[in-house]
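Accompanying notes for the structure given below.
Numbering (the numbering used here), first residue to last: 3 to 126.
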């Protein structure tokens with residue numbers, strides 16, 4: 003098996019979408035994930051364009067601010083990050099919903115790894 007084929011089979015597709023006022027946050031989070039998960043394909047997008055990009059890119063997980071109804075209909079895993087550290091961040095992975103307060107990058111990476119494992123097992 004070639005490396006390219008393996009990458010396509012085990013890589014995870016991630017979209018990070020925040021409003022433009024959080025552009026630096028969006029791009030920094032994407033850069034950190036690209037460094038720490040080099041097999042991941044990470045795309046950033048402005049929040050208002052999220053729905054269309056989700057349909058075209060087919061992500062395994064979406065990380066962003068408040069999502070609009072319909073934007074994530076075909077996405078089985080998402081993290082709705084609360085930008086206020088006192089508010090709960092909402093997480094859904096394969097139908098399982100949870101909330102965490104002020105998650106660290108490490109916690110986000112644990113969730114991403116869970117999604118990657120589900121994808122490798124063929125559950126996503």
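For every residue, glycine included, the Cβ atom is placed at its ideal position computed from N, Cα and C.
Note that the structure is a prediction, hence the values are computed from the model and not measured.
| Item | Value |
| --- | --- |
| Which residue marks the beginning of the alpha helix (DSSP H) containing residue 119, and which one marks its end? | 107-122 |
| Grab me the residues of residue 108's own chain with a C-beta within less than 8 Å of its C-beta, minus the 5 sequence neighbours each way, in chain order. | none |
| With the cut-off set at 8 Å, would you say residue 19 and residue 44 are in Cβ contact? | no |
| What separation, rounded to the nearest whole angstrom, lies between the Cα atoms of residue 95 and residue 75? | 13 Å |
| Please name the residue, chosen from 106, 85, 16, that lies closest to residue 60 on a Cα-to-Cα basis. | 16 |
| In chain order, which continuous runs of the alpha helix (DSSP H) of length 4 or greater are located wholly inside the segment 31-83? | 52-59 |
| Counting C-beta neighbours from all protein chains within 10 Å, is the total for residue 26 16 or more, i.e. buried, or is it exposed? | exposed |
| Output the boundary residues of the beta strand (DSSP E) element that contains residue 89. | Unbroken run through residue 89: none, as it is neither H nor E. |
| Thinking just about the alpha-carbon of each residue, which of 70, 97, 102 is nearest to the one in residue 83? | 102 |
| Less than 8 Å between the beta carbons of residue 38 and residue 111, yes or no? | yes |
| For the ligand GTP, is there a heavy atom less than 7 Å away from the beta-carbon of residue 23? | No copy of the ligand GTP occurs in the structure displayed, which carries no ligand at all. |
| Taking the beta carbon of residue 66 as the centre, do at least 16 other beta carbons fall within 10 Å, making it buried, or is it exposed? | buried |
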